[in-house]
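Numbering of the sequence shown is given in my numbering, commencing with residue 248 and proceeding in unit increments. Ideal Cβ positions, reconstructed from N, Cα and C, are used throughout, including at glycine.
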Amino acid sequence: MKNLSEMKGLIFDLDGVLVSTEQNHFMAWQKTANLLNIEFTEEENENLKGVSRIDSLKYILNLGNVVVSDQEFTSLLEFKNEAYLASIENLSQNDCLTGVIELLTKVKEEGKRLAVGSSSKNAKHILKLIEIDHLFDAIIDGNMVENLKPNPEVFQKAAAYLNLSPSECIVFEDAASGIQAAKSGGFMAIGVGNKNIKDLADKYYNDLTEFTL
Ligand code: B16
Ligand code: MG
């Protein structure tokens, strides 16, 4: 494995790494599942971290053995997203996870290239709300890729925007699907803030204050 200090690019997942909106996603999915009388627990939600909106709904429908029309499927996606957006309305820089601002500021000063690689179609909106969008050289979100995590496309695209190869970049992730995506794309995969992925990642930190280059 390469020395961390040799790495030129840092690519961050959004939800669960830079900001803690995973609970908001969970609550919004739970409301959606309730409409369909499907029981949806926090344990099940673990499988949806990093997973796209469409694939998440497919997973929940499958869980309850529920079949819906295409039109209903679209309405349910809209319902979930509205519930999610309403719940993050008051998000601010205070909601950045521990160590985020300090790390981003420091590595930027050191000349590292920074990107976000997120499955979320709301990523740019959230980055603006938490006022860190200006720190990134590239923001690749769920609107910009065909294949979402565990496919590596989102991180590969981020590296390409940074003009770097995967072997020159570190990916920070909180979800199994994201660690899988990073590793299959040839990136160093650092797990953050989710003990369930400790064994999957190349290195693991409880939060970003523990990380130094
Ligand atoms: P949206 P990440 C992912 O973001 C979330 O982890 C996941 O829970 C969510 O379903 C997915 O984004 C899609 O989000 O509905 O906003 O498009 O962790 O890849 O930054
Ligand atoms: Mg995440």
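Quick check: the Cα distance between residue i and residue j, rounded to an integer number of angstroms?
{"i": "leucine 411", "j": "isoleucine 335", "result": "33 Å"}
{"i": "leucine 282", "j": "glycine 433", "result": "41 Å"}
{"i": "threonine 345", "j": "leucine 295", "result": "23 Å"}
{"i": "proline 397", "j": "serine 367", "result": "14 Å"}
{"i": "proline 413", "j": "arginine 300", "result": "26 Å"}
{"i": "isoleucine 379", "j": "leucine 455", "result": "16 Å"}
Could you spell out the range, first to last residue, of the alpha helix (DSSP H) harbouring residue i?
{"i": "glutamate 291", "result": "289-292"}
Decide if residue i is buried, meaning its Cβ has at least 16 other Cβ atoms within 10 Å, or exposed.
{"i": "aspartate 446", "result": "exposed"}
{"i": "isoleucine 373", "result": "buried"}
{"i": "asparagine 394", "result": "exposed"}
{"i": "asparagine 441", "result": "buried"}
{"i": "threonine 268", "result": "buried"}
{"i": "histidine 381", "result": "exposed"}
{"i": "valine 314", "result": "exposed"}
{"i": "glutamine 270", "result": "exposed"}
{"i": "leucine 265", "result": "buried"}
What would DSSP say about residue i, mapped onto helix, strand or coil?
{"i": "leucine 283", "result": "coil"}
{"i": "glycine 432", "result": "coil"}
Going by DSSP, what residue range makes up the beta strand (DSSP E) through residue i?
{"i": "glutamate 349", "result": "Looking at the DSSP string, glutamate 349 is not in any beta strand (DSSP E); the run it does join, the alpha helix (DSSP H), is 347-356."}
Is residue i near ligand 3, judged by its Cβ being under 7 Å from some heavy atom?
{"i": "asparagine 369", "result": "No copy of ligand 3 occurs in the structure displayed; its ligands are ligand 1 and ligand 2 alone."}
**Item:** Contact set, ligand 2 heavy atom to C-beta under 6 Å
**Value:** Asp260, Asp262, Gly263, Val264, Lys296, Gly297, Asp421, Ala422 and Gly425
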